[in-house]
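K.L.:
Could you have a look at this structure, given as structure tokens, before my questions?
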Amino acid sequence: MTDQSTPTRRTRAARLNPEERRAQILDAAVAVFGRQGYRQGSLKTVADEIGLTIQGLLHYFPTKEDLLLAALERRNEADQEALDAAYASGGTLESCRHILRRNLERPGFMRLFVTLAAEATDPEHPAHDYFLRRYRGAVVQFRDYLRRDVRAGRLAPDLDADDAASQIIALMDGLQLQYLLRPGFDLIAAFDAAVAPLARA
Numbered sequence: 021m022t023d024q025s026t027p028t029r030r031t032r033a034a035r036l037n038p039e040e041r042r043a044q045i046l047d048a049a050v051a052v053f054g055r056q057g058y059r060q061g062s063l064k065t066v067a068d069e070i071g072l073t074i075q076g077l078l079h080y081f082p083t084k085e086d087l088l089l090a091a092l093e094r095r096n097e098a099d100q101e102a103l104d105a106a107y108a109s110g111g112t113l114e115s116c117r118h119i120l121r122r123n124l125e126r127p128g129f130m131r132l133f134v135t136l137a138a139e140a141t142d143p144e145h146p147a148h149d150y151f152l153r154r155y156r157g158a159v160v161q162f163r164d165y166l167r168r169d170v171r172a173g174r175l176a177p178d179l180d181a182d183d184a185a186s187q188i189i190a191l192m193d194g195l196q197l198q199y200l201l202r203p204g205f206d207l208i209a210a211f212d213a214a215v216a217p218l219a220r221a
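The sequence shown runs 21 to 221 under our numbering.
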């Protein structure tokens, strides 16, 4: 007897062009790795999510590592332009709110990122180098944003941009972890309260 409450997966994938199929696979990978982590999430589960065979998935991504890194890079590329636009409209703190709001709209990716960031502290993890590059790049980007904000009078003139960049990134990561663990936690309000002193001259 089967459990009628459990949705049956599609036995056949819809016909898509290669670019659409690649995007579909990456979205499925984000969902699966977000739920199960990279090590526990399998290629079979990703393939099942969209009605593909393992062979069909491997045609686009020959290894699980290739799939993971492509999913992370796709997200980075999609977000960078929007992040720059958010900075132009309201400065560093608004760009941070943009990131947090986007992640709230996509909790699967938020969960994936938080899970992978912890897993990737292991130097043997396939995303270890990716996260090293990402955090180094994020510190540089936010440091530059903050320095420009100080010059423009948006932030306190005595702000140490080097320290503040690392602190803001840590704050955002920590708040997202709390959100995933505490239903109803107001992530944006907590961020605004924490960064309010930065804007005080």
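Here a beta-carbon is modelled for each residue, glycine too, at the ideal position from N, C-alpha and C. What you are looking at is a predicted structure, and each value in this text was computed from that prediction instead of being measured.
Applying the 10 Å Cβ sphere with the 16-neighbour rule, what's the burial state of L152?
P.N.:
In the sequence shown, counting from the first residue as 1, residue 152 sits at position 132. That one is exposed.
K.L.:
Decide yes or no for the touch test of the region 66 to 73 against the region 105 to 116: beta carbon pairs closer than 8 Å, at least 3 of them.
P.N.:
Segments in contact, no.
K.L.:
For A147 versus L132, is the C-beta distance shorter than 8 Å?
P.N.:
As a first step, residue 147 must be located in the sequence shown, where it is residue number 127. As a first step, residue 132 must be located in the sequence shown, where it is residue number 112. Not closer than 8 Å, so no.
K.L.:
Considering only the alpha carbon of each residue, which of E85, L195, R59, L72 lies closest to L207?
P.N.:
Taking the sequence shown and counting its residues from 1, the one referred to as residue 207 is at position 187. The shortest Cα separation from L207 among E85, L195, R59, L72 belongs to L195.
K.L.:
Between which residues of its own chain and Y199 is the CB-CB distance below 7 Å, once the five residues before and five after are set aside?
P.N.:
Position 179 of the sequence shown, counted from the first residue, corresponds to residue 199. Around Y199: F205, L207.
K.L.:
With distances taken between CB atoms, is the gap from D149 to R163 smaller than 8 Å?
P.N.:
Mapped onto the sequence shown, residue 149 falls at position 129. Mapped onto the sequence shown, residue 163 falls at position 143. No, these two residues do not count as a Cβ contact at 8 Å.
K.L.:
Is A176 near L218, with beta carbons less than 8 Å apart?
P.N.:
The residue given as residue 176 occupies position 156 in the sequence shown. The residue given as residue 218 occupies position 198 in the sequence shown. A contact, by the Cβ cut-off of 8 Å.
K.L.:
Assuming I74 contacts L63 (C-beta within less than 8 Å), just tell me the rounded distance between them.
P.N.:
Within the sequence shown, numbered from 1, the residue matching residue 74 stands at position 54. Within the sequence shown, numbered from 1, the residue matching residue 63 stands at position 43. Contact holds; Cβ gap of about 6 Å.
K.L.:
With DSSP run on the structure shown, which of helix, strand or coil describes S62?
P.N.:
The residue you call residue 62 lines up with position 42 of the sequence shown. S62: coil per DSSP, three-state reduction.
K.L.:
Please determine, among V50, R174, L197, the residue with the shortest C-alpha to C-alpha distance to V215.
P.N.:
As a working note, residue 215 is residue 195 in the sequence shown. Looking at the Cα atoms, R174 is the closest of the given residues.
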